[in-house]
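Chemist: Got a structure here, written out as structure tokens. Questions coming.
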Amino acid sequence: MKDMLNYEDFEEKTLQRREIFKGKIIDVFLDDVALPTGGTAKRELVFHSGAVAMIPLTAEGKIVLVKQFRKPLEQVILEIPAGKIDPGEENQLETTAMRELEEETGYRAGQLTYINSMYLSPGFANEKLALYLATDLQKVENPRPQDEDEILELYELTIAEAKAEVAKGTICDAKTLFAIQYWELYLLQRQFKEDTQ
């Protein structure tokens with residue numbers, strides 16, 4: 682079988698890279714690339730330092746979601762708590778996850794379990810998201826303040842309520858949709874273990 686990760690026949694070599702925009706959260710570049718077929722093309726690229734997201738589950742078996750307005754969508758949506766990785770935190774993702782969980786929800790996790798990492802839009806961006814399961818939640822008496830430009834509202838939903846919000850379109854971002862599917866499997870696995878003991 683052919684090596685799936687061998688990319689020699691697919692690699693696009695960068696001929697020139699121009700910085701279009703340097704921002705606080707993203708940098709935008711325009712690349713001229715040589716295609717493996719012999720032609721050339723332009724690629725619009727967004728570079729991002731990466732992010733963490735948490736699936737916070739309460740002792741009552743509910744997920745904690747944040748409601749916030751997302752300007753690119755021009756609408757309010759429900760999401761799992763998440764935040765960007767600050768410079769110097771690349772090797773401290775659990776610390777970043779704990780900080781963001783406390784800032785956005787006022788909870789601290791007694792247990793934080795790494796699930797996986799994923800690229801959110803690899804067609805044009807290099808943003809990588811590390812996803813964690815946050816359990817044994819404790820309310821923090823004096824939580825870290827939210828970012829100044831964030832207006833958030835918390836919701837604790839059952840799996841049925843979360844799936845209803847998906848159907849209504851209130852939950853519509855990829856990380857939260859993935860999180861709800863993971864959560865449902867997590868609940869099924871726990872139920873199976875209890876049933877077989």
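If you count the sequence shown from 1, you need to add 681 to reach our numbering. Glycine included, each C-beta is placed from N, C-alpha and C at the ideal position. Predicted model only: the values in this text are computed from it and were never measured.
1) Could you check how far apart the C-beta atoms of K759 and E846 are, in whole angstroms? I think they sit under 8 Å.
2) Can you list, in chain order, the residues of its chain whose CB lies under 8 Å from that of I832, leaving out five sequence neighbours each side?
3) Do you know offhand how far M735's Cα is from K856's?
4) By the DSSP assignment, the alpha helix (DSSP H) with A778 in it spans what residues?
5) Grab the span of the beta strand (DSSP E) containing K748 for me, first residue to last.
6) Using 8 Å for Cβ pairs, my map puts A732 next to E808. What's the rounded Cβ distance?
7) Would you give the residue range spanned by the beta strand (DSSP E) that E834 belongs to?
8) According to DSSP, simplified to helix, strand and coil, what is I861?
9) Does the Cβ-Cβ distance between K765 and S730 come in under 7 Å?
10) With H, G and I counted as helix, E and B as strand and the rest as coil, what does DSSP make of E760?
11) Would you call I706 buried or exposed, if buried means 16 or more other Cβ atoms sit within 10 Å of its Cβ?
12) Spell out a yes or no on whether the segment 718-726 and the segment 690-709 are touching, meaning 3 or more CB-CB pairs, one atom from each, closer than 8 Å.
13) Anyone know if the C-beta pair for P768 and E781 falls short of 7 Å?
14) Between the Cα of E783 and the Cα atoms of G850, Y688, V745 and A848, which residue gives the shortest distance?
15) How close, in whole Å, do the beta carbons of L726 and D712 come, if the pair is a contact with beta carbons under 8 Å?
16) Quick one: residues in its chain with C-beta nearer than 7 Å to the C-beta of C853, no 5 flanking neighbours on either side, listed in chain order?
17) With a CB to CB cut of under 6 Å and the five nearest residues on each side skipped, what residues in its chain are close to L774?
18) Does the Cβ-Cβ distance between G787 and V821 come in under 7 Å?
19) Starting from T851, follow the beta strand (DSSP E) in both directions and report where the run begins and ends.
20) Closer than 8 Å by C-beta to W864: which residues in its own chain qualify, once you throw out the five before and the five after it? Chain order, please.
Modeler: Checking against the coordinates, here is how it stands:
1) It should be pointed out that residue 759 corresponds to Leu in this sequence rather than to Lys. Yes, L759 and E846 are in contact; Cβ-Cβ is about 6 Å, under 8 Å.
2) Q749 and F750, listed in sequence order.
3) 10 Å
4) L774 to T786
5) I744 to R751
6) 7 Å
7) E834 to L838
8) helix
9) yes
10) strand
11) exposed
12) yes
13) no
14) V745
15) 6 Å
16) I758
17) V733 and A811
18) yes
19) Run containing T851: none; DSSP gives neither H nor E here.
20) I736, L738, I744, I840 and A843
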